[in-house]
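See below for the structure under consideration.
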């Protein structure tokens with residue numbers, strides 16, 4: 046700085062190097078550091094025992110940073126002396142925490158950050174689950190349908206869903222209570238059914254398994270009548286042994302019922318499937334059998350027909366033998382003529398050999414000819430007997446009559 050003085054005789058100029066205003070011993074005041082928490086984020090939540098990184102951004106205007114201290118609910122967590130200002134906070138118990146940082150410079154200045162709030166939740170408790178349907182050991186026939194249901198809950202009330210499995214394959218999922226799904230068109234086999242419950246925190250629990258069995262559709266039995274033969278006949282009072290061959294593909298035969306003209310006459314529960322039908326009156330009958338298995342299946346045999354003929358009263362031809370029966374007769378022949386025919390000229394409609402029977406004590410010969418006589422239609426028939434021998438033949442005269 047230059048100062049100039051003016052007077053009449055001379056001019057003097059003074060020059061100074063510098064000029065100081067105030068006390069030369071006073072220094073500028075210290076500027077405090079700046080600090081901001083960068084982690085954890087405010088409002089963040091963790092599960093105990095939690096581990097989180099606590100970080101801060103800090104600087105000093107005079108570049109004389111000292112350290113940063115980290116606090117939770119006023120308790121010192123740790124101190125970091127150099128950038129980056131960060132530390133790990135581990136094994137943090139459940140609770141609500143206010144986290145802050147205090148930055149210090151080397152000149153004694155300090156600044157506290159704005160706090161952030163974090164929550165540490167108690168460890169997640171997994172859900173519980175138990176199958177309520179189907180019952181263990183349940184059985185069904187394919188294609189089967191089951192209702193698969195479970196009771197499930199979460200201690201924290203944060204249920205997510207229940208998945209249902211059969212032999213490890215997912216059947217379906219249900220995300221709301223009551224937890225139940227339909228399992229349809231299930232093929233034959235044995236299945237292990239389980240339920241897996243999930244909560245919204247990732248916890249899961251698998252139920253105890255139950256076992257169900259699905260059987261193949263029932264195959265009906267087979268049956269066929271083996272006796273009597275179709276068209277068999279008997280004389281009243283008739284008797285037949287009725288037998289059926291019956292079996293079941295699954296080896297679960299129940300019984301065989303026997304029917305006559307649609308009416309039940311008896312049942313047989315075990316092989317051989319046979320019964321005796323006796324005291325049968327004359328008539329025509331249709332026989333059949335129905336086989337049942339233990340699963341409710343049934344089968345019907347093809348029907349067969351049998352006939353019971355009315356009892357036949359034996360009929361006989363009786364005549365007096367020829368006088369030379371013992372010496373010349375070799376046999377006798379019976380001729381039957383049409384009703385009203387002249388036996389001397391007509392041709393017989395039936396001729397049958399009577400042989401040479403021995404006369405009885407009354408000198409009469411009696412020969413049963415039931416079959417021949419019963420074959421005639423109703424009417425009155427002239428009948429002759431002819432003796433046949435080495436000397437020729439001799440026909441009885443006059444003829445006798447047979448009334449049918």
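Residue numbers (the numbering used here): 46 to 449. Every residue gets a Cβ at the ideal spot worked out from N, C-alpha and C, and that includes glycine. As the structure is a prediction and not an experimental result, all values here were calculated from the model.
- Exclusion of the five residues before and after residue 134 leaves 97, 99, 122 as the residues of its chain whose Cβ lies within less than 6 Å of its Cβ.
- Leaving aside the five residues that flank residue 270 on each side, the residues in its chain whose CB is nearer than 6 Å to its CB run, in chain order, 289, 334, 346, 349.
- In the DSSP assignment, residue 287 forms a beta bridge with 320.
- Pairwise C-beta distances place the segment 214-223 out of contact with the segment 270-283, as fewer than three of them are shorter than 8 Å.
- When Cβ pairs closer than 8 Å are counted between the two stretches, the segment 180-193 is seen not to touch the segment 127-141, the count staying below three.
- Take residue 351, set aside five residues on each side of it, and the residues of its chain with a beta-carbon closer than 7 Å to its own are 273, 277, 278, 285, 330, 332, in chain order.
- In this structure, the alpha-carbon of residue 353 lies about 20 Å from that of residue 421.
- DSSP, read as helix, strand or coil, puts residue 151 in coil.
- Taking a contact as a CB-CB distance under 8 Å, the pair residue 188 and residue 244 does not count as one, their CB atoms being some 35 Å apart.
- Rounded to whole angstroms, the Cβ separation of residue 78 and residue 104 is 6 Å, and the two are in contact under 8 Å.
- Per DSSP, the continuous beta strand (DSSP E) segment holding residue 165 begins and ends at 161-166.
- With 16 or more other CB atoms across the displayed protein chains lying within 10 angstroms of its CB, residue 115 is buried.
- The criterion of a C-beta distance shorter than 7 Å is not satisfied by residue 196 and residue 92.
- At a Cβ-Cβ threshold of 7 Å, residue 162 and residue 222 do not count as neighbours.
- For residue 443, the closest C-alpha among the options 226, 362, 387 is that of 387.
- Straight-line spacing of the CA atoms in residue 400 and residue 419 works out to 20 Å.
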